[in-house]
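Position 182 (the sequence shown) corresponds to 182 in our numbering; numbering is contiguous. For glycine and all other residues, C-beta sits at the position ideal for the given N, C-alpha and C. On a predicted model such as this, the values are computed, not experimentally measured, just so you know. In what follows, a structure is listed as C-alpha coordinates, so that the remarks can point back to it.
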Amino acid sequence: MRLSGKTAIVTGGASGFGAGIAEKFVAEGARVMIADLNGEGASTLAEKLGDDALAQQVDVSQDADVKQMAEAAIEIFGHVDILINNAGTTHLPAPMEEVSEEDFDLVFRVNCKSVYLTAKHLVPHFKTRGAGAILNVASTAGVSPRPRLNWYNASKGWMNNATKGMAVELAPDGIRVNAINPVAGETPLLAKFMGQDTPEMRAKFLATIPLGRFSTAQDMGNAACYLCSDEASMVTGVCMEVDGGRCI
(Lines of atoms letter the chains of each structure in order from A and count residues from 1; the text may use other names and numbers.)
(Lines give C-alpha, C1' and ligand atoms only; values in the text may rest on other atoms or scores of the structure.)
Protein backbone atom coordinates (compact mmCIF):
# COMPACT_ATOMS: atom_id res chain seq x y z
CA MET A 1 0.00 0.00 0.00
CA ARG A 2 2.61 2.51 -1.15
CA LEU A 3 0.03 5.25 -1.73
CA SER A 4 -2.08 4.64 1.35
CA GLY A 5 -3.94 7.80 2.35
CA LYS A 6 -3.02 9.62 -0.87
CA THR A 7 -5.47 11.23 -3.26
CA ALA A 8 -4.90 11.63 -6.99
CA ILE A 9 -6.36 13.03 -10.19
CA VAL A 10 -5.59 11.12 -13.39
CA THR A 11 -6.52 12.97 -16.58
CA GLY A 12 -7.27 10.78 -19.58
CA GLY A 13 -7.85 8.10 -16.98
CA ALA A 14 -10.66 6.15 -18.64
CA SER A 15 -8.45 4.08 -20.95
CA GLY A 16 -4.90 3.26 -21.99
CA PHE A 17 -2.00 4.34 -19.82
CA GLY A 18 -4.27 6.51 -17.69
CA ALA A 19 -6.46 3.54 -16.78
CA GLY A 20 -3.35 1.52 -15.88
CA ILE A 21 -2.17 4.30 -13.60
CA ALA A 22 -5.59 4.65 -11.96
CA GLU A 23 -5.83 0.90 -11.36
CA LYS A 24 -2.34 0.74 -9.86
CA PHE A 25 -2.96 3.73 -7.60
CA VAL A 26 -6.20 2.29 -6.23
CA ALA A 27 -4.48 -1.06 -5.66
CA GLU A 28 -1.75 0.76 -3.72
CA GLY A 29 -4.24 2.51 -1.42
CA ALA A 30 -4.97 5.83 -3.13
CA ARG A 31 -8.32 7.46 -3.77
CA VAL A 32 -8.46 8.43 -7.45
CA MET A 33 -10.49 10.81 -9.58
CA ILE A 34 -10.65 9.38 -13.11
CA ALA A 35 -10.99 12.52 -15.24
CA ASP A 36 -11.71 12.06 -18.92
CA LEU A 37 -13.51 13.60 -21.87
CA ASN A 38 -15.21 10.20 -22.12
CA GLY A 39 -17.40 10.54 -19.05
CA GLU A 40 -19.11 7.21 -19.64
CA GLY A 41 -15.77 5.42 -19.87
CA ALA A 42 -14.57 7.13 -16.69
CA SER A 43 -17.72 6.05 -14.86
CA THR A 44 -17.36 2.45 -16.06
CA LEU A 45 -13.77 2.23 -14.81
CA ALA A 46 -14.61 3.95 -11.50
CA GLU A 47 -17.39 1.43 -10.91
CA LYS A 48 -14.97 -1.41 -11.65
CA LEU A 49 -12.34 -0.04 -9.24
CA GLY A 50 -14.78 0.44 -6.37
CA ASP A 51 -15.34 3.02 -3.66
CA ASP A 52 -11.86 4.53 -3.92
CA ALA A 53 -12.44 5.72 -7.49
CA LEU A 54 -14.78 8.35 -8.87
CA ALA A 55 -15.42 9.74 -12.33
CA GLN A 56 -15.26 13.32 -13.60
CA GLN A 57 -15.98 14.37 -17.17
CA VAL A 58 -13.51 17.03 -18.27
CA ASP A 59 -12.12 18.63 -21.40
CA VAL A 60 -8.57 19.32 -20.25
CA SER A 61 -8.13 22.01 -22.91
CA GLN A 62 -10.91 24.16 -21.40
CA ASP A 63 -10.22 26.41 -18.42
CA ALA A 64 -13.72 26.15 -16.93
CA ASP A 65 -13.67 22.32 -17.10
CA VAL A 66 -10.26 22.05 -15.42
CA LYS A 67 -11.29 24.52 -12.72
CA GLN A 68 -14.41 22.48 -12.01
CA MET A 69 -12.36 19.26 -11.91
CA ALA A 70 -9.89 20.70 -9.40
CA GLU A 71 -12.61 22.14 -7.19
CA ALA A 72 -14.58 18.87 -7.23
CA ALA A 73 -11.51 16.82 -6.27
CA ILE A 74 -10.62 19.14 -3.39
CA GLU A 75 -14.21 19.18 -2.15
CA ILE A 76 -14.65 15.40 -2.32
CA PHE A 77 -11.19 14.32 -1.14
CA GLY A 78 -10.47 17.23 1.21
CA HIS A 79 -7.13 17.72 -0.53
CA VAL A 80 -5.19 16.49 -3.57
CA ASP A 81 -1.75 14.90 -3.23
CA ILE A 82 -1.01 13.78 -6.79
CA LEU A 83 -1.79 15.11 -10.25
CA ILE A 84 -1.23 12.93 -13.32
CA ASN A 85 -1.29 14.89 -16.60
CA ASN A 86 -1.93 11.91 -18.84
CA ALA A 87 -4.57 13.15 -21.32
CA GLY A 88 -3.12 13.36 -24.80
CA THR A 89 -3.79 13.13 -28.50
CA THR A 90 -1.92 13.01 -31.79
CA HIS A 91 -2.35 13.79 -35.45
CA LEU A 92 -2.14 11.08 -38.09
CA PRO A 93 1.31 10.46 -39.60
CA ALA A 94 1.87 12.98 -42.40
CA PRO A 95 4.51 15.31 -43.83
CA MET A 96 4.76 18.22 -41.40
CA GLU A 97 3.50 20.78 -43.91
CA GLU A 98 0.39 18.73 -44.62
CA VAL A 99 -0.92 18.48 -41.04
CA SER A 100 -4.02 20.67 -40.83
CA GLU A 101 -4.08 23.72 -38.61
CA GLU A 102 -7.07 22.20 -36.83
CA ASP A 103 -5.11 19.06 -35.96
CA PHE A 104 -2.07 21.10 -34.90
CA ASP A 105 -4.17 23.25 -32.58
CA LEU A 106 -5.89 20.20 -31.07
CA VAL A 107 -2.56 18.49 -30.30
CA PHE A 108 -1.19 21.54 -28.52
CA ARG A 109 -4.42 22.27 -26.66
CA VAL A 110 -4.67 18.76 -25.28
CA ASN A 111 -0.98 17.93 -24.81
CA CYS A 112 0.39 21.30 -23.70
CA LYS A 113 -2.30 23.79 -22.70
CA SER A 114 -3.79 21.18 -20.37
CA VAL A 115 -0.56 21.14 -18.32
CA TYR A 116 -0.78 24.92 -17.97
CA LEU A 117 -4.45 24.73 -16.95
CA THR A 118 -3.99 22.01 -14.33
CA ALA A 119 -1.04 23.96 -12.90
CA LYS A 120 -3.16 27.12 -12.81
CA HIS A 121 -5.87 25.42 -10.79
CA LEU A 122 -3.92 22.96 -8.62
CA VAL A 123 -0.46 24.41 -7.97
CA PRO A 124 -1.91 27.04 -5.56
CA HIS A 125 -3.51 24.18 -3.60
CA PHE A 126 -0.21 22.28 -3.50
CA LYS A 127 1.64 25.42 -2.39
CA THR A 128 -0.82 25.99 0.44
CA ARG A 129 -0.17 22.44 1.65
CA GLY A 130 3.59 22.64 1.09
CA ALA A 131 3.50 19.32 -0.75
CA GLY A 132 2.39 17.67 -3.95
CA ALA A 133 3.52 15.41 -6.77
CA ILE A 134 2.86 16.13 -10.43
CA LEU A 135 3.56 13.55 -13.12
CA ASN A 136 3.41 14.44 -16.81
CA VAL A 137 2.96 11.57 -19.27
CA ALA A 138 5.12 12.60 -22.21
CA SER A 139 6.53 10.21 -24.84
CA THR A 140 9.70 8.85 -26.36
CA ALA A 141 8.58 10.96 -29.36
CA GLY A 142 9.71 13.97 -27.34
CA VAL A 143 13.20 12.47 -26.89
CA SER A 144 13.80 10.62 -30.16
CA PRO A 145 11.28 11.93 -32.72
CA ARG A 146 9.69 9.72 -35.32
CA PRO A 147 9.27 11.07 -38.87
CA ARG A 148 5.80 12.22 -39.95
CA LEU A 149 4.67 12.82 -36.37
CA ASN A 150 6.46 16.15 -36.15
CA TRP A 151 3.96 18.29 -34.26
CA TYR A 152 3.09 15.49 -31.85
CA ASN A 153 6.83 15.02 -31.25
CA ALA A 154 7.16 18.74 -30.58
CA SER A 155 4.28 18.76 -28.09
CA LYS A 156 5.90 15.98 -26.08
CA GLY A 157 9.31 17.67 -26.22
CA TRP A 158 7.53 20.73 -24.81
CA MET A 159 6.12 18.55 -22.03
CA ASN A 160 9.56 17.26 -21.05
CA ASN A 161 10.98 20.79 -20.95
CA ALA A 162 7.95 22.04 -19.01
CA THR A 163 8.48 19.24 -16.49
CA LYS A 164 12.02 20.39 -15.73
CA GLY A 165 11.01 24.04 -15.55
CA MET A 166 8.11 23.26 -13.23
CA ALA A 167 10.34 21.07 -11.05
CA VAL A 168 12.99 23.70 -10.44
CA GLU A 169 10.44 26.45 -9.80
CA LEU A 170 8.20 24.44 -7.49
CA ALA A 171 10.85 22.57 -5.50
CA PRO A 172 11.11 25.30 -2.81
CA ASP A 173 7.37 24.84 -2.23
CA GLY A 174 7.75 21.11 -1.57
CA ILE A 175 6.21 20.13 -4.90
CA ARG A 176 7.88 17.47 -7.03
CA VAL A 177 7.38 17.31 -10.81
CA ASN A 178 8.47 14.39 -12.99
CA ALA A 179 7.57 12.84 -16.33
CA ILE A 180 7.51 9.43 -17.91
CA ASN A 181 8.30 8.82 -21.57
CA PRO A 182 6.46 5.70 -22.76
CA VAL A 183 7.14 4.02 -26.05
CA ALA A 184 4.11 3.12 -28.19
CA GLY A 185 1.70 0.87 -26.33
CA GLU A 186 -1.59 -0.94 -26.65
CA THR A 187 -3.74 2.17 -26.21
CA PRO A 188 -6.50 3.81 -28.26
CA LEU A 189 -3.83 6.06 -29.82
CA LEU A 190 -1.67 3.25 -31.21
CA ALA A 191 -3.49 3.01 -34.54
CA LYS A 192 -3.22 6.78 -35.00
CA PHE A 193 0.53 6.73 -34.33
CA MET A 194 1.06 4.00 -36.90
CA GLY A 195 -1.37 5.39 -39.44
CA GLN A 196 -2.68 1.88 -40.05
CA ASP A 197 -2.81 -1.05 -37.65
CA THR A 198 -1.40 -3.92 -39.68
CA PRO A 199 0.99 -6.75 -38.74
CA GLU A 200 3.62 -5.17 -41.00
CA MET A 201 3.33 -1.75 -39.35
CA ARG A 202 3.42 -3.29 -35.86
CA ALA A 203 6.57 -5.21 -36.82
CA LYS A 204 8.16 -1.98 -38.04
CA PHE A 205 7.47 -0.24 -34.72
CA LEU A 206 8.55 -3.24 -32.62
CA ALA A 207 11.86 -3.40 -34.51
CA THR A 208 12.82 -0.07 -32.87
CA ILE A 209 12.25 -1.40 -29.31
CA PRO A 210 15.18 -3.51 -28.04
CA LEU A 211 13.04 -5.39 -25.50
CA GLY A 212 10.77 -6.37 -28.36
CA ARG A 213 7.34 -5.43 -27.07
CA PHE A 214 5.02 -2.46 -26.76
CA SER A 215 4.51 -0.61 -23.48
CA THR A 216 1.58 -1.74 -21.36
CA ALA A 217 -0.72 0.20 -19.08
CA GLN A 218 0.75 -1.79 -16.19
CA ASP A 219 4.27 -0.62 -17.08
CA MET A 220 3.12 2.98 -16.79
CA GLY A 221 1.21 2.33 -13.59
CA ASN A 222 4.29 0.85 -11.95
CA ALA A 223 6.57 3.72 -12.99
CA ALA A 224 4.00 6.34 -11.98
CA CYS A 225 3.47 4.69 -8.61
CA TYR A 226 7.17 4.95 -7.77
CA LEU A 227 7.58 8.54 -8.95
CA CYS A 228 4.49 9.72 -7.06
CA SER A 229 5.19 7.77 -3.86
CA ASP A 230 7.22 8.89 -0.86
CA GLU A 231 9.93 6.47 -2.01
CA ALA A 232 10.81 9.08 -4.66
CA SER A 233 10.87 12.01 -2.23
CA MET A 234 14.31 13.09 -3.56
CA VAL A 235 13.37 12.69 -7.22
CA THR A 236 12.21 15.73 -9.18
CA GLY A 237 12.74 17.01 -12.71
CA VAL A 238 13.28 13.49 -14.05
CA CYS A 239 11.88 12.45 -17.43
CA MET A 240 12.00 8.68 -17.10
CA GLU A 241 12.08 6.62 -20.28
CA VAL A 242 9.80 3.60 -19.86
CA ASP A 243 10.48 2.40 -23.34
CA GLY A 244 12.17 -1.00 -23.52
CA GLY A 245 15.39 0.67 -24.68
CA ARG A 246 13.85 2.61 -27.58
CA CYS A 247 15.83 5.80 -26.83
CA ILE A 248 19.23 4.19 -26.28
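Anyone know if the C-beta pair for residue i and residue j falls short of 7 Å?
i    : j    : result
K6   : D81  : yes
V32  : A8   : yes
D243 : T140 : yes
G245 : P199 : no
A14  : L45  : yes
Considering only the alpha carbon of each residue, which of the options lies closest to residue i?
i    : options                : result
S233 : I248, R176, R213, V168 : R176
I134 : V99, A119, V66         : A119
Q218 : P199, C228, E186       : E186
E47  : V58, A19, D63          : A19
D105 : G39, A53, S155         : S155
T128 : R146, C112, N85, H79   : H79
M159 : M194, G237, D103       : G237
V137 : L49, N86, M1           : N86
E75  : C112, E102, L122       : L122
P95  : W151, E40, F126, S114  : W151
L206 : S114, V183, Q196       : V183
S114 : D65, E102, G132        : D65
When you compare only the Cα positions, how much space is there between residue i and residue j?
i    : j    : result
I248 : V107 : 26 Å
G12  : E97  : 28 Å
L190 : T216 : 12 Å
G88  : V110 : 6 Å
G262 : Q57  : With the chain represented from 1 up to 248, any question about residue 262 goes unanswered, as that position is not in the structure.
Q268 : S144 : Since the displayed the chain opens at 1 and closes at 248, residue 268 lies outside it and no answer follows.
Which residues share a DSSP beta bridge with residue i?
i    : result
D243 : Looking at the DSSP assignment, D243 forms no beta bridge with any residue, so it has no partner.
R31  : T7
Which ranges does the alpha helix (DSSP H) cover as unbroken runs of at least 4 residues, wholly within the stretch 48–135, from first to last along the chain? The stretch 48–135 contains these whole alpha helix (DSSP H) runs: 63–77, 101–108, 114–129.
Start-end ranges of the alpha helix (DSSP H) lying completely within the stretch 136–188, minimum 4 residues: 150–170
Which complete alpha helix (DSSP H) runs does the stretch 190–238 hold, if anything under 4 residues is left out? 190–194, 199–206, 217–228
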